[in-house]
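Worksheet: the structure to be examined is printed underneath.
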Amino acid sequence: MALDHDILVWFSKSFGLFYLLALSLIVLVYAYWPANRKPFERAANAILHDDDDKPYRG
Amino acid sequence: MIAELTTNERQTALVILLALAVTGLAMAIAGQGDPFGVHGALVMVVAIAGVFTVISGYYAPEPSDSRLDSYYDTPTKFGIVVAMIWAVIAMFVGDWVAWLLAYPNLTFDAAWSSFGRLRPVHTSGVIFGFGGNALIATSFYVMQRTSRARLPDQLSPWFVLLGYNLFCIVAATGYLMGVTQSKEYAEPEWYADIWLVIVWVAYFVLYLRTLARRKEPHIYVANWYYLAFILVVAMLHIVNNLAVPISWGSAKSYSLFSGVQDAMTEWWYGHNAVAFFLTSGFLGMLYYYMPKRAGRPIYSYRMSIISFWGITFFYMWAGSHHLHYTALPQWVQSLGMTFSVMLLIPSWVSAGNALMTLNGAWNKVRDDAVLRFMMVAAVFYGLTTFEGSFMAIRPVNSLSHYTDWTVGHVHAGALGWVAMITFGAIYASVPWLWKRETMYSPRLVEVHFWLALAGTVIYVFAMWNSGIIQGLMWRTYNESGTLAYSFVDSLVAMHPYYIARAVGGVFFLLGTAIGLYNIWMTIRTAPRAASELAADRPVLAGAPALQAGE
Amino acid sequence: MFGFHYRLERKAIGLVLAIIGVASIGGIVEIAPLFTIHQTVEDAPDMRVYTPLELAGRNIYIREGCYACHSQMIRTLRDEVERYGPYSLAVESKYDHPMLWGSKRTGPDLARIGNKYSDEWQVEHLNNPRDVVPESVMPAYTWLLRTKLRTDDLSNHLRAQRTVGVPYTDDMIANAAADAYGQAAPDSPQADGVVTRYGKATTVRPFDGRPDELTEMDALVAYLQILGRLTDAAHKPIASAEK
């Protein structure tokens, strides 16, 4: 049997909620993960301190 | 420009341009007697002009290796100027059609000059011509700085920028000839769409290649927003524009989708064009230029990440709020409404984050019109996203839909948010790019700011009034239980507001024209001397005065 | 060096994939079920396809950007039904590639404009709206009456329409240009073919008042006069499509 319309609609209606919850959790965990704190702070400040305005050549 | 390309790149450019010329020729032959042929000829002429440009500079000496010591900013400079030119043209057309709604005879007895053909020139010109060029130009600037890496080559940024503008020109001239798919904000026909896909893939690859050369392992958040803009716009563009051309020699095509599926696909596209073209990309702009100009880091880097995923996720569901009470199944409408309301959270987190970044630097906002542009942009972003969520609520939408309220809402976003943040970013980067002390005239920046703000406020208030009056008149019943007003009654009531709106447009257009003049004069004034430049640098005291420019 | 780059690349690619994943699902979930919608929404067996002349008129409607100011979607609201007629059903636009539901009413809704006004009124109105409605702000489409309709590529149009799912027959495709001419010239030999192929109810009239010449005005008026009349599903007592 091909995909039934009602099943598809049911899936669409319910799926979003679970997806939303899971995704928010992942994003929050990532944003507040202690090890990420430093790189975030570094990144936020780094753009302010490139006074020589030159690419890095290593 | 050609002198900056390596010999290898000059050869590649020639090959690309010759291939483009041949394609144009083939189109011109296949499409005789059809706008398709006209566009073929146009492409061919542009490509041949390109060939001559490359040949004329072909034997110039190769750029030296020292170029790798600086960022490659010529494409950004070009993109900024072109964006401002598009802005003036497209806003002029916009104001013209605004006057047409008040005085419909202000036109020529020619097909190209009728409202229906000019309107997409305005919308595409502003969104793609002005907005798109500004996004591409600033993204080149931002991705190099935040990655501390030079663009990987000199040719691909030019391919992206020039190719993109070719798309814009084909689109705009097409509308005047009556070439349109009728899908709002996706009007260009199939061949222009295919070309845009090619350009867009090159843009994406260029972005990834630059990121791959970055010094920092962490990718700065502005790049996330720019990346989402590039990726999702590609996705939306490809799906929404799936169509079957009637022949290989005709501009006309028929959409693969019909009726309710087409409506849902179109507004999934349409609303996410707002999200990923007009929001995500410009948030990327905001997250670089605002901290930079204010001299303060983003208030909360975490919040910028959380709202990034919120925006990327929520927006995708919201498109169906454009179809409330229509033949679209109601469960899709409800989903759209729910997610549209939730969308307010990441939107306000972004707006709040921007304003909190300025907290403590209000004296700078007061004195610096450039920073004020950015601040007002963040305020309008907050207002517009609130209004958007509100209008997505079904009963509210029953009043607002089909009326000028929607037009007012869109312009609160487009003028108040998109254009203001762009002007702010452009005014900030022009002196940096051309190594000038300040803009040619800071006073004119101030004038531009107030004209833009006044224009936006007049426009938006006029449309709020007309939209709500219109919506109420359509649904008002008299005592005997019949509709109180004819459609024409409501139209007559709009007249004063249409004039007010067009006047607001004049203000805004005037500001933009002044901006273009100011930028042009800044470019023409003499650059600062190298020693001055070094002396201006805060931390490098005692360091030898190095030339930072190209 | 290579390892460092690889790590950077992996991070960038990961970000790209995450964006695609997060962004695509909302659309898929909302759009995919619509392609199975025919299982629940009533069909309209009496619905006919656009004649070549009407399709050409529809393309002029698109070309001139009429959709920017006129909707073709009557919402399920009392005042709209009273002003414009029965609310629009999904099935009514099933042959519309693309749909023209519109998003703005600077002018009134046109979903059921067919047969509401005479051909003469439509011609006069399109030629200069202010001749019949003094307050109108609609552009004057003066060039429609003086421009001959292009018919040589109509077969291609119908063939492309069939490719995207509209049931045009080989016969219809082969005779597209003749049918376009015949529909606006009732006394011509081509007129009979239109009725044979598209049904007795098809309107065969000199829409712009000049049967000898086929103009863009003929096509656009023919299209406007069929709007809302391809099927009468919406006029049946219980319209069951609203779900």
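Protein chains in written order, with our numbering: chain A, -17 to 40; chain B, 521 to 1070; chain C, 36 to 278.
Even for Gly, the Cβ is constructed at its ideal location relative to N, Cα and C.
Report the CB separation of residue i from residue j in whole angstroms; it is logged as a contact under 8 Å.
| i | j | result |
| --- | --- | --- |
| B/A706 | B/N760 | 5 Å |
| B/A1020 | B/A982 | 4 Å |
| B/E709 | B/E786 | Rounded, the Cβ-Cβ distance is 15 Å, inconsistent with contact. |
| C/A220 | C/A211 | Rounded, the Cβ-Cβ distance is 15 Å, inconsistent with contact. |
| B/I831 | B/S800 | 6 Å |
| B/A814 | B/A881 | 5 Å |
| B/I522 | B/T573 | 7 Å |
| B/Q900 | B/M940 | Inspection of the sequence shows that residue 900 of chain B is occupied by Phe rather than by Gln. Indeed they touch by this definition, with Cβ atoms about 7 Å apart. |
| C/I261 | C/E89 | 5 Å |
| B/F660 | B/L671 | 7 Å |
| B/F833 | C/V57 | 5 Å |
| B/E736 | A/A13 | Between A/A13 and B/E736 the Cβ distance is about 18 Å, and since that is not below 8 Å, they are no contact. |
| C/K306 | B/G779 | What is shown of chain C runs 36 to 278, which leaves residue 306 of chain C out entirely. |
For residue i and residue j, what's the separation of their Cα atoms in angstroms?
| i | j | result |
| --- | --- | --- |
| C/T141 | B/P640 | 16 Å |
| B/G570 | B/T666 | 32 Å |
| B/Y740 | A/A17 | 16 Å |
| B/P817 | B/P624 | 50 Å |
| B/L681 | B/V558 | 22 Å |
| B/S854 | B/W829 | 22 Å |
| B/R1057 | A/R39 | Here B/R1057 scores only 39 on pLDDT, less than 50, and its place in the model should not be relied on; the value that follows carries that caveat. Going by the C-alpha atoms only, they are around 21 Å apart. |
| C/G49 | B/L806 | 24 Å |
| B/G698 | A/Y1 | 43 Å |
| A/D53 | C/E44 | With chain A covering only -17 through 40, there is no way to say anything about residue 53 of chain A. |
| B/F628 | C/W156 | 23 Å |
| B/A1046 | B/P811 | 28 Å |
| B/V721 | A/R19 | 34 Å |
| B/G936 | B/M862 | 22 Å |
| B/F749 | B/L1036 | 26 Å |
| B/Y695 | B/I609 | 15 Å |
| B/G991 | B/E524 | 57 Å |
| B/A1013 | C/C104 | 17 Å |
| C/L190 | B/S634 | One detail in the question is off: residue 190 of chain C reads as Ser in this sequence, not Leu. Between C/S190 and B/S634, the C-alpha separation is close to 29 Å. |
| B/P595 | C/A195 | 41 Å |
| B/E1070 | B/E582 | Any reading at B/E1070 must be qualified, since the residue scores a pLDDT of 36, below 50, and its modelled position is unreliable; the value itself is stated next. Computed Cα separation, rounded: 14 Å. |
| C/D114 | C/C101 | 23 Å |
| C/Y122 | A/L10 | 45 Å |
| B/V752 | C/A146 | 33 Å |
| C/V168 | C/T177 | 16 Å |
| C/Y203 | B/A630 | 35 Å |
| C/P87 | B/L964 | 57 Å |
| B/Q781 | B/T700 | 20 Å |
In the DSSP output, what is residue i paired with across the bridge?
| i | result |
| --- | --- |
| B/A1033 | In the DSSP output, where bridge partners are listed per residue, B/A1033 has none listed. |
| B/P765 | B/S773 |
| C/K183 | C/T250 |
| B/L1003 | B/Y997 |
| B/Y922 | C/K139 |
Quick check for students: name the residue ranges of the alpha helix (DSSP H) that lie wholly in the segment 926 to 962 of chain B, counting only runs of 4 or more. For the segment 926 to 962 of chain B, the continuous alpha helix (DSSP H) assignments of 4+ residues that do not extend past its boundaries occur at 940 to 953, in sequence order.
Note down, one range per segment and in chain order, each alpha helix (DSSP H) of at least 4 residues found wholly within the segment 525 to 573 of chain B. Within the segment 525 to 573 of chain B, the complete alpha helix (DSSP H) runs of at least 4 residues are 527 to 550.
Which of the residues in the segment 133 to 153 of chain C, read from start to end, lie with their CB under 9 Å from any CB of chain B? Those residues of the segment 133 to 153 of chain C that come within reach of chain B (Cβ to Cβ, closer than 9 Å) are P133, M134, L135, W136, G137, S138, K139, R140, T141, G142, P143, D144.
If you measure beta-carbon to beta-carbon, which residues of the segment 186 to 197 of chain C are closer than 8 Å to chain B? Going along the segment 186 to 197 of chain C in chain order, one finds D188, N191, H192, R194, A195, Q196 with a Cβ nearer than 8 Å to chain B.
With 7 Å as the C-beta to C-beta threshold (strictly closer), list the residues of the segment 728 to 745 of chain B near chain C in chain order. Residues of the segment 728 to 745 of chain B with a Cβ closer than 7 Å to any Cβ of chain C, in chain order: L728, L731, A732, R734, P737, I739, W744.
Quick one: complete alpha helix (DSSP H) runs, 4+ long, within the segment 603 to 663 of chain B? You should have 635 to 644.
Suppose only complete runs of 4+ residues qualify. What are the alpha helix (DSSP H) ranges in the segment 133 to 181 of chain C, listed by chain order? The segment 133 to 181 of chain C is shown to contain whole alpha helix (DSSP H) runs of 4 or more residues at 154 to 162, 178 to 181, in chain order.
Just to confirm the assignment: which complete alpha helix (DSSP H) runs, minimum length 4, are found wholly within the segment 68 to 128 of chain C? Scanning the segment 68 to 128 of chain C for uninterrupted alpha helix (DSSP H) segments of 4 residues or longer gives 87 to 98, 113 to 119, listed from N- to C-terminal end.
Enumerate, from N- to C-terminal direction, the unbroken alpha helix (DSSP H) stretches of 4 or more residues contained entirely within the segment 669 to 710 of chain B. The segment 669 to 710 of chain B contains these whole alpha helix (DSSP H) runs: 675 to 697.
Along the segment -8 to 5 of chain A, where does the CB come closer than 8 Å to a CB of chain C? Name the residues. Residues passing the 8 Å Cβ filter: F(-7), S(-6), F(-3), G(-2), Y1, L5.
Against chain A: residues of the segment 640 to 666 of chain B by CB proximity under 9 Å: Per Cβ criterion, the list reads V662, Q664, R665, T666.
Below 7 Å between beta carbons is the criterion; list the residues of the segment 106 to 136 of chain C that meet it against any residue of chain B, in chain order. With the criterion set as a beta carbon lying under 7 Å from some beta carbon of chain B, the members of the segment 106 to 136 of chain C are S106, M108, R110, T111, L112, D114, E117, R118, S123, L124, A125, S128, K129, Y130, D131, H132, P133, M134, L135, W136, in sequence order.
When you check each C-beta in the segment 668 to 692 of chain B against every C-beta of chain A, which residues fall closer than 7 Å? Residues R668, A669, R670.
Determine which residues of the segment 19 to 33 of chain A have a Cβ less than 9 Å from any Cβ of chain B, and write them out in chain order. Listed by position along the chain: R19, P21, F22, E23, R24, A25, A26, N27, A28, I29, L30, H31, D32, D33.
Against chain C: residues of the segment 987 to 1009 of chain B by CB proximity under 7 Å: Cβ contacts with chain C come from W994, R995, L1003, F1007, V1008.
Please go through the segment 895 to 921 of chain B and give each complete alpha helix (DSSP H) segment of 4 or more residues, from N-terminal end onward. 914 to 920, all fully within the segment 895 to 921 of chain B.
Could you please tell me which residues of the segment 45 to 72 of chain C, in chain order, have their CB closer than 8 Å to any CB of chain A? Of all residues in the segment 45 to 72 of chain C, V57, I60, G61, V64, E65, A67, P68, T71, I72 have a Cβ within less than 8 Å of some Cβ in chain A.
Short-range partners of chain B found in the segment 167 to 184 of chain C, where Cβ spacing is below 8 Å: Listed by position, the residues of the segment 167 to 184 of chain C near chain B (Cβ gap below 8 Å) are V168, E170, S171, V172, M173, P174, A175, Y176, T177, W178.
When Cβ atoms are compared, which residues of the segment 833 to 866 of chain B fall closer than 9 Å to chain A? Against chain A - using a Cβ distance shorter than 9 Å - the residues of the segment 833 to 866 of chain B are F833, F834, W837, P849, W851, V852, S854, L855, T858, F859, M862.
If contact means a Cβ-Cβ distance below 7 Å, which residues of the segment 785 to 804 of chain B contact chain A? Along the segment 785 to 804 of chain B, none of the residues has a CB nearer than 7 Å to a CB of chain A.
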